[in-house]
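Reviewing the structure listed below.
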Amino acid sequence: MLVGALAPGCSFQPAPPTGPGDGADGRVDAGAGGDGRPDAERADAGVDAAPPCPPTYAQVGVASPGSRYRVLSVTASFRAQHDACLADRPGSTHLVVLETDAEAAEVGGLVGGGEEFYVGAVQRSSGGGVGDGWVWLTGAAVAVAWSAGQPNDEAGVENGDQDVASAYPVDGSLNDVSGDWSYRAACECDGLALDPAAIAAIP
Numbered sequence: 006m007l008v009g010a011l012a013p014g015c016s017f018q019p020a021p022p023t024g025p026g027d028g029a030d031g032r033v034d035a036g037a038g039g040d041g042r043p044d045a046e047r048a049d050a051g052v053d054a055a056p057p058c059p060p061t062y063a064q065v066g067v068a069s070p071g072s073r074y075r076v077l078s079v080t081a082s083f084r085a086q087h088d089a090c091l092a093d094r095p096g097s098t099h100l101v102v103l104e105t106d107a108e109a110a111e112v113g114g115l116v117g118g119g120e121e122f123y124v125g126a127v128q129r130s131s132g133g134g135v136g137d138g139w140v141w142l143t144g145a146a147v148a149v150a151w152s153a154g155q156p157n158d159e160a161g162v163e164n165g166d167q168d169v170a171s172a173y174p175v176d177g178s179l180n181d182v183s184g185d186w187s188y189r190a191a192c193e194c195d196g197l198a199l200d201p202a203a204i205a206a207i208p
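Numbered per my numbering, the sequence shown spans residues 6 to 208.
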């Protein structure tokens, strides 16, 4: 009789190796309390992970926990500030998109001071009224609060002169301004894709 021969109809499955029992190593737990079955393989944390934000970006408050922010304290035009934010980490960083009034207030507190700062909102179409066509650079409609009497294109008549937005640090409320004016800016790192139509509206 040949030792190790298999009976007809039987198959051989090698036993999985035993391991220290960390619960995610693909082995049978060797210690007490294991269930005798192989664990799932440990996931590779580096696969499909979102790119990390630059170290110059910091979390602010709790209104938008998935975002990190930084302030551009040197004043420049809207286009220049937009380009500066993008350059920090292309595909992850952009001029700040304020999704809620709470986030707007927290970012305003981060910027500080009394002077306005650029945010990532543009008027994609100025064919209607002064309040029509405002979107974030992601393509989402602007839904946070405007400052009293804004947007107004100065005279309350749409003339295409003020087609980007700034925010006041005191509360994060918005104001329509000319993209040629020099302001500080706030950048955001959240990995959101930008809308080509909104980008095309940048003056």
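Quick reminder that beta carbons are idealized off the backbone N, C-alpha and C, glycines included.
Computed from a predicted model, the values in this text were never measured in an experiment.
Note on asparagine 180: 16 or more other CB atoms within 10 angstroms of its CB, so buried under the neighbour-count rule. In this structure, the beta-carbon distance from valine 127 to alanine 203 falls below 7 Å. With the rule of 3 Cβ pairs closer than 8 Å, the segment 171 to 186 counts as touching the segment 141 to 158.
Between glycine 138 and arginine 129, the gap from beta carbon to beta carbon is short of 7 Å. Note that the C-beta distance between tyrosine 62 and tyrosine 123 is not below 7 Å. Contact check for glycine 113 and alanine 68: beta-carbon distance about 11 Å, past the 8 Å limit, so the pair fails to qualify. DSSP places valine 140 within a strand segment (E or B) once states are collapsed to three. Valine 147 is not a Cβ neighbour of glycine 125, given a cutoff of 7 Å. Remark: C-beta atoms of glutamate 163 and serine 72 do not approach each other more closely than 7 Å.
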